[in-house]
Every structure is written in structure tokens, then in C-alpha cells.
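Taking it in order: structure first as C-alpha cells, then the write-up.
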Amino acid sequence: MTKRVLLAAPRGYCAGVDRAVVAVEKALETYGAPVYVRKEIVHNKYVVETLSERGAIFVNETDEVPEGARLVFSAHGVSPAVRESAAARSLDTIDATCPLVTKVHKEAVRFAKDDYDILLIGHTGHEEVEGTAGEAPDHVQVVNSPDEVDQVTVRDPAKVVWISQTTLSVDETMETVRRLRERFPSLQDPPSDDICYATQNRQVAVKKLAPECDVVIVVGSANSSNSVRLVEVALQAGARSAYRVDRSSEIDEAWLEGATTVGVTSGASVPEILVRDVLALLEGRGFDDVQEVRTATEDLMFSLPRELRAGLKAAGADDKRPHKESRKELPLA
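Printed below as a string of C-alpha cells:
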């Protein structure tokens, strides 16, 4: 009996995560330890542990950082209040906010300026949602799921717009929007898709392989929204079972009993080394036929944060990093 692995592609690091992680690495190389980071730079245990070993110090708030020290804002973004707090402590900040998150922040600012009620589809308490809502706290209300739509109240049903967290389930978000539009027929869409390309691509790849899988293993941390969504998407798409693990050691042998096809993918904040460890474990259990299921090719790469590029230039250091020849680097202000 042939045992096979269907390996999703794309998987793992997206352009925003790659940019944020490299920003911390370059800051440590250039300025030396410690470099402070507000919250987790990305939602992955292994990445945070690795950077901590190299001298990064992760804090929850700016008041934990010594005055005048260097602080990196995570890929999830921050509110204006956090930026003001950092400035008040004379912190030398590096903004590693994903450019796709920044786009949503700008949408919130613009719609608030036009006095819209802004319905932010996302998860209360997630750093990205806190940062986006903080751009226009008097105009934004968070809608966690389709089931919360009935509780939404607005000032003027003719001036309502929705925006979203970038890492949500596409299907669930569209269901939330559908229900919102039933209540508010004049509901406006954001000018462009808020759910990021990488989140969508990883969900599409899982949807393609899931119907053939006895079990799908998603590599990613519990606080990684897009990783958790991949488990849900796999089950909804027909996988018999699906589980999330931080690393291969968390795989329960019972999951593999009687299985002939295992799907493997990883969230957008997961380094490939963790996926390779899972594949090695599966190979040791007889799953040695690995077939890639590719639904898209990603060639996007963001340039490093502006403040860091300036610092690297002043130090005579290189601001480039190795990347696939097919990738294109997008300069950002």
C-alpha cells in the first residue's frame, strides 16, 4: 500500500513575514544586541525563540523599553497611540508592519475622515485588529464572525463600509459580508481586497489537496490566525481530519493510523525548516512519496523598512538579502 504526502504550495513565509524577520536579523547584525521588539515579530514560536537567542528582547508595550533604545514594530502593525508612546520615550523605531496591513490602516483613516461607520471584520484582541481599529477608534467596530452581524448598529445605514484583518478565512469573511449587506444594502467594499494574497493562496492550495487526504497537518503556532484558518479550511474542503502543530514532535502517531494520504502545509509565518522536519518524520513512518500540489507561484518581495535601510546605508552595510531570481523587489516609502 503506497503511502503518500501531498505537499501544499505555496506554503510558509509570505513577503511581509520575510521582511519583518529579516528586519530584526539585520538590526541585530548592524546595531548589536539588544534590539527590542514590540509583541511577537510574527506569530511563530520557533522564530521568536531563535531571534531571542540572537539578542532580540520581546516586550508587550513600549514602556518596557529603556528610553532611547531601538524598538521594532511587528509585522501586525500598531496604532497611532503606540507610535506616540514610542516617540515620548525617544525610542529609535523600525517599522516592520506588513505593507498589506498598512494599506488597511490607510483605508480606515480615509473612511473615518469621510465619517463612515467602519465594520472591521476580524478577531478582537489580535494585534492587527488593535492596530487598525486604533487608527479610527470612534468609527470602527469589530465584527468577529457572521453570527455577530445581527448585533451591529450604525449611525447612518447609507454610510457604512467594511474592511478586514488580512489573515482571515476568505469564505467566512465573504459570508460575514453577505449578511452585513442584507442588513445594510448600501454597504461599501474596500477599494481592494484586504485579505492578503498569501493567506488566500495558502487556503486555495489546501482546498485542492484536502479532499484526497486522510489527515492534513498544518505547521503553525496557536496564535497564528492564518495557520488556524488552514485547519478549518482543510476540514471544510473534505479532509477526514486536520491538525495544527508547532513542530514535528507534536504529531500524534494515532493520527497516522490507517492513513494512506497525508496533506502538509504551513502558515505564512512558518520557516521551511519546520515543514522539512515534518516530512522527515512522515518519511520515517512510510510516507516517502511526496507530491507537490501547487496552485500559485509567489514572486513578491518587499524592500526592508525605510528606517533600517537608512541605518544600513549609514553603517556601510548591505540592505539586500538573498531571494529567488524570479522575485521582484518592491520599494516602499
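Heads up: the sequence shown runs through residues 159 to 491, numbered per this note's numbering. C-beta atoms are modelled at their ideal positions from N, C-alpha and C, and glycine is treated no differently.
field: Exposed unless 16 or more other CB atoms sit within 10 angstroms - verdict on ASP221
entry: Along the sequence shown, read from residue 1 onward, the residue named residue 221 stands at position 63. ASP221 comes out exposed.
- prompt: By how many angstroms is the C-alpha of HIS234 removed from the C-alpha of HIS284?
  reply: The residue you call residue 284 lines up with position 126 of the sequence shown. The residue you call residue 234 lines up with position 76 of the sequence shown. Approximately 9 Å, taken between the alpha carbons.
field: For LEU165, three-class secondary structure by DSSP
entry: Position 7 of the sequence shown, counted from the first residue, corresponds to residue 165. Strand at LEU165.
- prompt: Is it true that the CB of GLN449 sits closer than 8 Å to the CB of LEU164?
  reply: For this step, residue 164 is matched to residue 6 along the sequence shown. For this step, residue 449 is matched to residue 291 along the sequence shown. Result yes, Cβ atoms of LEU164 and GLN449 sit closer than 8 Å.
field: Unbroken stretches of the alpha helix (DSSP H), 4 residues or longer, contained in the stretch 344–389
entry: 355–367
task: Could you name each continuous beta strand (DSSP E) segment of 3 residues or more that falls completely within the stretch 414–488, going from the start of the chain to the end?
output: 419–424, 447–452, 458–460, 486–488
- prompt: Near THR418, what residues of its chain come up, given a Cβ to Cβ distance below 8 Å and the 5 sequence neighbours on each side ignored?
  reply: Locating residue 418 in the sequence shown gives position 260, where the first residue counts as 1. Counting only Cβ-Cβ distances below 8 Å, and skipping sequence neighbours, we find MET159, THR160, LYS161, ARG162, ASP372.
message: So, for ALA239: in the same chain, excluding its five sequence neighbours on each side, which residues have a beta-carbon less than 7 Å away from its beta-carbon?
response: Position 81 of the sequence shown, counted from the first residue, corresponds to residue 239. Within the same chain, ALA239 has close Cβ partners GLY292.
- request: Measure the C-alpha to C-alpha separation of ALA214 and PHE231 and round it to an integer number of angstroms.
  value: For this step, residue 214 is matched to residue 56 along the sequence shown. For this step, residue 231 is matched to residue 73 along the sequence shown. Their backbone Cα atoms lie some 12 Å apart in a straight line.
field: For ARG398, the first and last residue of its enclosing beta strand (DSSP E)
entry: As a working mapping, residue 398 is identified with position 240 in the sequence shown. Note, ARG398: premise wrong, no beta strand (DSSP E); not H, not E.
task: Determine the contact status of LEU414 and VAL422, defining contact as a CB-CB distance below 8 Å.
output: Residue 414 sits at position 256 when you count from the first residue of the sequence shown. Residue 422 sits at position 264 when you count from the first residue of the sequence shown. Their beta carbons are not under 8 Å apart, which means LEU414 does not touch VAL422 by this criterion.
query: So SER322 is in the alpha helix (DSSP H); what residue range does that whole segment cover?
result: Position 164 of the sequence shown, counted from the first residue, corresponds to residue 322. Where SER322 is concerned, there is no enclosing alpha helix (DSSP H), although the beta strand (DSSP E) it sits in stretches over 318–322.
task: Look at the alpha carbon of VAL376 and the alpha carbon of ASN202, and state the distance between them as a whole number of angstroms.
output: As a first step, residue 376 must be located in the sequence shown, where it is residue number 218. As a first step, residue 202 must be located in the sequence shown, where it is residue number 44. Using only the alpha carbons, I get a separation of about 13 Å.
task: Give the DSSP bridge partners of VAL301, in chain order.
output: The residue given as residue 301 occupies position 143 in the sequence shown. Beta-bridge pairing links VAL301 to ILE279.
query: So, do the stretch 427–446 and the stretch 402–413 have three or more beta carbon pairs nearer to each other than 8 Å?
result: yes
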